[in-house]
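Novice: Position in the sequence shown (first residue = 1) + 17 = the working numbering.
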Amino acid sequence: MTWMTARLSAMMFLQFFIWGGWFVTLGTFLSSQLGASGGQIGMAFSTQSWGAIIAPFVIGLIADRFFNAERILAVLHLVGAVLLYQLYRAPDFGAFYPYVLAYMMIYMPTLALVNSVAFRQMRDPALEFSRIRVWGTVGWIVAGVVISFVFAWDSKDAIASGGLRNTFLMAALASLVLGLYSFTLPSTAPLKSETRRRGLKQMLGLDALGLLKDRSYLVFFIASILICIPLAFYYQNANPFLAEIGVTNPTAKMAIGQVSEVLFMLLLPLFIHRFGIKIALLMGMLAWALRYVLFAYGNNADLAFMLFTGIALHGICYDFFFVSGQIYTDAKTPERFRSSAQGLITLATYGFGMLIGFWVAGHVSDYYATPAGHQWQSIWLFPACFSLGVVLVFLFAFRDERAVELASAKV
Numbered sequence: 018m019t020w021m022t023a024r025l026s027a028m029m030f031l032q033f034f035i036w037g038g039w040f041v042t043l044g045t046f047l048s049s050q051l052g053a054s055g056g057q058i059g060m061a062f063s064t065q066s067w068g069a070i071i072a073p074f075v076i077g078l079i080a081d082r083f084f085n086a087e088r089i090l091a092v093l094h095l096v097g098a099v100l101l102y103q104l105y106r107a108p109d110f111g112a113f114y115p116y117v118l119a120y121m122m123i124y125m126p127t128l129a130l131v132n133s134v135a136f137r138q139m140r141d142p143a144l145e146f147s148r149i150r151v152w153g154t155v156g157w158i159v160a161g162v163v164i165s166f167v168f169a170w171d172s173k174d175a176i177a178s179g180g181l182r183n184t185f186l187m188a189a190l191a192s193l194v195l196g197l198y199s200f201t202l203p204s205t206a207p208l209k210s211e212t213r214r215r216g217l218k219q220m221l222g223l224d225a226l227g228l229l230k231d232r233s234y235l236v237f238f239i240a241s242i243l244i245c246i247p248l249a250f251y252y253q254n255a256n257p258f259l260a261e262i263g264v265t266n267p268t269a270k271m272a273i274g275q276v277s278e279v280l281f282m283l284l285l286p287l288f289i290h291r292f293g294i295k296i297a298l299l300m301g302m303l304a305w306a307l308r309y310v311l312f313a314y315g316n317n318a319d320l321a322f323m324l325f326t327g328i329a330l331h332g333i334c335y336d337f338f339f340v341s342g343q344i345y346t347d348a349k350t351p352e353r354f355r356s357s358a359q360g361l362i363t364l365a366t367y368g369f370g371m372l373i374g375f376w377v378a379g380h381v382s383d384y385y386a387t388p389a390g391h392q393w394q395s396i397w398l399f400p401a402c403f404s405l406g407v408v409l410v411f412l413f414a415f416r417d418e419r420a421v422e423l424a425s426a427k428v
């Protein structure tokens, strides 16, 4: 590992340690400490989507035109440290929500900024980037391990006494460190090329809307938005579910999903080359349905293996649909529109798709809430059936052999 690779890897580690340090346990914290309803928890999680929607404006209008990426990264994380500290101090949901909304609107743009800083230092991004980006996944895993095994903030007694509040303080300190560290990163000045003169349509990916005239891509695009509805159930409900049914160290055990993500990322190129894009996409969507069935019928006793299997499916759920979808989009798009097309699919999924998903998940959770807890089987069967419905529509409506061959050739 070169010195530059080590520096960029440390940046990625901190970037995702911050996010994993509070986002995984957010639902549990809000329900147990602030008495938030399912709808309010959905509002809090949907701030990620609002951040994803606003991110192209921040990057396109500011970072790509006027200021060095590493300096904007530094400032955003320093401001983020202050906002995370305010989340740590918030006494109720009314005080909490404005700060989490503000925080996600400045955090989501930093995901693109760390990539910009990393890519500009690489000679061969296709070869080098994965070696650096994997440290972000490691950071997320370490955050979960620290919460569960170092401080035990997600134990039953600690949750009852408000221990999860400390996750925001930990994330604030990490954000402060990354903010200061970012000032030492290599200079990443705005490019003085056509990329600086991009219009608003290109920044938002809107100049790639012509892809939707293709029937198969339109089917894929709609399926991508719809599959984000069950996806939101996992992010919003998995940790509260595990904690409520008495699983010990639930945050660390959820990190099994990130380990799985790394492993299946390595297997994905081989799978696409052997079976093609359509089968990979179908496998990803089917994995969501299977995961939620396992959650619905598993328990914290003799069927605990079903819960852990569901968590471990994260690699297939995420890699086989979302990463395969990025490959498919790249294969379908003319070179001049590829960046725009990736921006469009990201805006549709993490922006609008998950915004709808968190709203639905919040209302479904409220509907099946009882004084004694939640009817988790009913809650999990909803996204399971929804995922299966998306699979069936996609199976019969999606036909694009030419793009499948192109995508297979690229991997």
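Glycine included, each C-beta is placed from N, C-alpha and C at the ideal position.
1. Output the distance between the C-alpha atoms of isoleucine 362 and serine 241, rounded to the nearest integer angstrom.
2. According to the Cβ coordinates, are serine 233 and leucine 298 closer than 8 Å?
3. Valine 159 and phenylalanine 34 look like a contact to me (Cβ under 8 Å); what is the Cβ gap, rounded to whole Å?
4. Could you check how far apart the C-beta atoms of serine 395 and alanine 306 are, in whole angstroms? I think they sit under 8 Å.
5. Cutting at 6 Å between CB atoms, please list the residues of its own chain near leucine 100, excluding the five before and the five after it.
6. For alanine 53, which of helix, strand or coil comes out of DSSP?
7. For leucine 283, count neighbouring C-beta atoms within 10 Å of its own C-beta (all shown protein chains included) and say buried if the count is 16 or more, exposed if not.
8. I'd like the list of long-range same chain contacts for tryptophan 376, defined as Cβ closer than 6 Å, with 5 residues on each side in sequence excluded.
9. Using the DSSP secondary-structure output, state which residues sit across from glycine 390 in a beta bridge.
10. Does DSSP put arginine 150 in a helix, a strand or coil?
11. Nearest to cysteine 245 by alpha carbon, out of Met371, Val151, Phe146, Ala348?
12. Count the CB pairs spanning the region 382–402 and the region 284–294 that are closer than 8 Å, and state whether there are at least three.
13. Find out if the Cβ-Cβ distance for the pair phenylalanine 281, phenylalanine 337 is shorter than 8 Å.
14. To the nearest angstrom, report how far apart alanine 189 and glycine 68 are at their CA atoms.
15. Check whether the region 179–196 touches the region 23–43, taking contact to mean three or more Cβ pairs, one atom from each stretch, closer than 8 Å.
16. Label threonine 19 either buried or exposed according to how many other C-beta atoms from any shown protein chain fall within 10 Å of its C-beta, with 16 as the threshold for buried.
17. When you compare the CB positions of threonine 366 and leucine 228, do they come within less than 8 Å of one another, or not?
18. Taking cysteine 334 as the reference, which of Pro247, Gly315, Tyr102, Phe113 has the closest Cα?
19. Looking at phenylalanine 337 and the ligand PLP, is the gap between the Cβ and the nearest heavy atom below 7 Å?
20. Beta-carbon separation of asparagine 266 and serine 165 under 8 Å?
21. When DSSP labels each residue in this structure, what does arginine 213 get in the three-state scheme?
22. For the region 89–108 against the region 145–159, do three or more pairs of beta-carbon atoms, one drawn from each stretch, fall closer than 8 Å, so that the two count as touching?
23. Between the alpha carbons of isoleucine 176 and phenylalanine 83, how many angstroms are there, rounded?
24. Name the residue from Leu364, Pro108, Ser199, Tyr385 whose alpha carbon lies nearest to the alpha carbon of leucine 25.
25. Thinking just about the alpha-carbon of each residue, which of Asn254, Phe185, Phe415, Gln65 is nearest to the one in isoleucine 239?
26. Can you tell me whether DSSP reads arginine 232 as helix, strand or coil?
27. Nearest-angstrom Cα distance between serine 133 and alanine 386?
28. For arginine 308, I'd like the list of residues in its chain whose CB is within less than 7 Å of its CB, leaving aside the five on either flank, ordered along the chain.
29. Can you tell me which of Gly38, Ala107, Leu31, Ser277 puts its alpha carbon nearest to the alpha carbon of valine 162?
30. When we look at the beta-carbon of glycine 390 and count the other beta-carbons within 10 Å, is it buried (16 or more) or exposed?
31. Which residues in the same chain have their Cβ closer than 7 Å to the Cβ of phenylalanine 113, if we skip the five residues on either side of it in sequence?
32. How should glycine 196 be labelled, buried or exposed, when 16 other C-beta atoms within 10 angstroms of its C-beta is the threshold for buried?
33. Around the C-beta of tyrosine 251, are 16 or more other C-beta atoms found within 10 angstroms, so that it is buried, or is it exposed?
34. Who are the Cβ neighbours of asparagine 85 in its own chain at under 7 Å, not counting the five residues just before and after it?
35. Output the distance between the C-alpha atoms of glutamate 278 and cysteine 402, rounded to the nearest integer angstrom.
Specialist: In this structure, then:
1. If you number the sequence shown from 1, residue 362 lands on position 345. If you number the sequence shown from 1, residue 241 lands on position 224. Going by the C-alpha atoms only, they are around 8 Å apart.
2. Stepping through the sequence shown from its first residue, residue 233 is reached at position 216. Stepping through the sequence shown from its first residue, residue 298 is reached at position 281. No, these two residues do not count as a Cβ contact at 8 Å.
3. Position 142 of the sequence shown, counted from the start, is the residue given in the question as residue 159. Position 17 of the sequence shown, counted from the start, is the residue given in the question as residue 34. Sure, about 6 Å apart at Cβ, within 8 Å.
4. The sequence position of residue 395 within the sequence shown is 378, counting from 1. The sequence position of residue 306 within the sequence shown is 289, counting from 1. That belief does not hold up - the Cβ atoms of serine 395 and alanine 306 are roughly 16 Å apart, past 8 Å.
5. Mapped onto the sequence shown, residue 100 falls at position 83. Cβ within range, chain order: Tyr116, Ala119, Tyr120.
6. Counting from 1 along the sequence shown, the entry for residue 53 is found at position 36. Coil, per DSSP.
7. Against the sequence shown, residue 283 aligns to sequence position 266. Flag for leucine 283 reads exposed.
8. Along the sequence shown, read from residue 1 onward, the residue named residue 376 stands at position 359. Cβ neighbours of tryptophan 376 beyond the five flanking positions: Gly59.
9. Mapped onto the sequence shown, residue 390 falls at position 373. Thr387.
10. The residue given as residue 150 occupies position 133 in the sequence shown. Correct three-state label for arginine 150: helix.
11. As a first step, residue 245 must be located in the sequence shown, where it is residue number 228. Cysteine 245 has its Cα closest to that of Met371, out of Met371, Val151, Phe146, Ala348.
12. no
13. As a first step, residue 281 must be located in the sequence shown, where it is residue number 264. As a first step, residue 337 must be located in the sequence shown, where it is residue number 320. Contact flag set, yes.
14. The residue you call residue 189 lines up with position 172 of the sequence shown. The residue you call residue 68 lines up with position 51 of the sequence shown. Alanine 189 and glycine 68: Cα-Cα distance of roughly 18 Å.
15. yes
16. Here residue 19 corresponds to residue number 2 of the sequence shown, with the count starting at 1. Burial call: exposed.
17. Here the question's residue 366 lines up with position 349 in the sequence shown. Here the question's residue 228 lines up with position 211 in the sequence shown. For threonine 366 and leucine 228, no; Cβs fall outside 8 Å.
18. By 1-based counting over the sequence shown, the position of residue 334 is 317. With distances taken between Cα atoms, cysteine 334 lies closest to Pro247.
19. Absence of the ligand PLP is noted for the structure shown, with no ligands found whatsoever.
20. For the purposes of this step, residue 266 is taken as residue 249 along the sequence shown, with counting starting at 1. For the purposes of this step, residue 165 is taken as residue 148 along the sequence shown, with counting starting at 1. Yes, the Cβ-Cβ distance between asparagine 266 and serine 165 is below 8 Å.
21. If you number the sequence shown from 1, residue 213 lands on position 196. Because arginine 213 sits at a pLDDT of 47, beneath the cut-off of 50, its placement in the model cannot be relied upon, and the following sentence gives the value as read from the coordinates. Looking at arginine 213 - three-state DSSP - the assignment turns out to be helix.
22. no
23. Within the sequence shown, the letter at position 159 stands for residue 176. Within the sequence shown, the letter at position 66 stands for residue 83. So the alpha carbons of these two residues sit roughly 45 Å apart.
24. Your numbering for residue 25 matches position 8 in the sequence shown. Closest option to leucine 25, Cα to Cα, is Ser199.
25. Locating residue 239 in the sequence shown gives position 222, where the first residue counts as 1. Checking every option, the nearest Cα to that of isoleucine 239 belongs to Phe415.
26. Along the sequence shown, read from residue 1 onward, the residue named residue 232 stands at position 215. Note: arginine 232 maps to helix in three-state DSSP.
27. On the sequence shown, position 116 is the one that residue 133 refers to. On the sequence shown, position 369 is the one that residue 386 refers to. If I take the Cα positions, the gap works out to 43 Å.
28. By one-based count along the sequence shown, residue 308 stands at place 291. Correct list, in chain order: Gly327, Leu330, Cys334.
29. As a working mapping, residue 162 is identified with position 145 in the sequence shown. Among Gly38, Ala107, Leu31, Ser277, the Cα nearest to that of valine 162 is on Gly38.
30. Position 373 of the sequence shown, counted from the first residue, corresponds to residue 390. That one is exposed.
31. What you label residue 113 is simply residue 96 of the sequence shown in a count that begins at 1. Leu51, Leu104, Ala107, listed in sequence order.
32. For the purposes of this step, residue 196 is taken as residue 179 along the sequence shown, with counting starting at 1. It counts as buried.
33. One-based indexing of the sequence shown puts residue 251 at position 234. It is buried - the Cβ of tyrosine 251 has at least 16 other Cβ atoms within 10 Å.
34. Here residue 85 corresponds to residue number 68 of the sequence shown, with the count starting at 1. The answer, listed in chain order, is Ser204, Thr205, Ala206.
35. Position 261 of the sequence shown, counting from 1, holds the residue named residue 278. Position 385 of the sequence shown, counting from 1, holds the residue named residue 402. Taking the straight line joining both Cα atoms gives about 24 Å.
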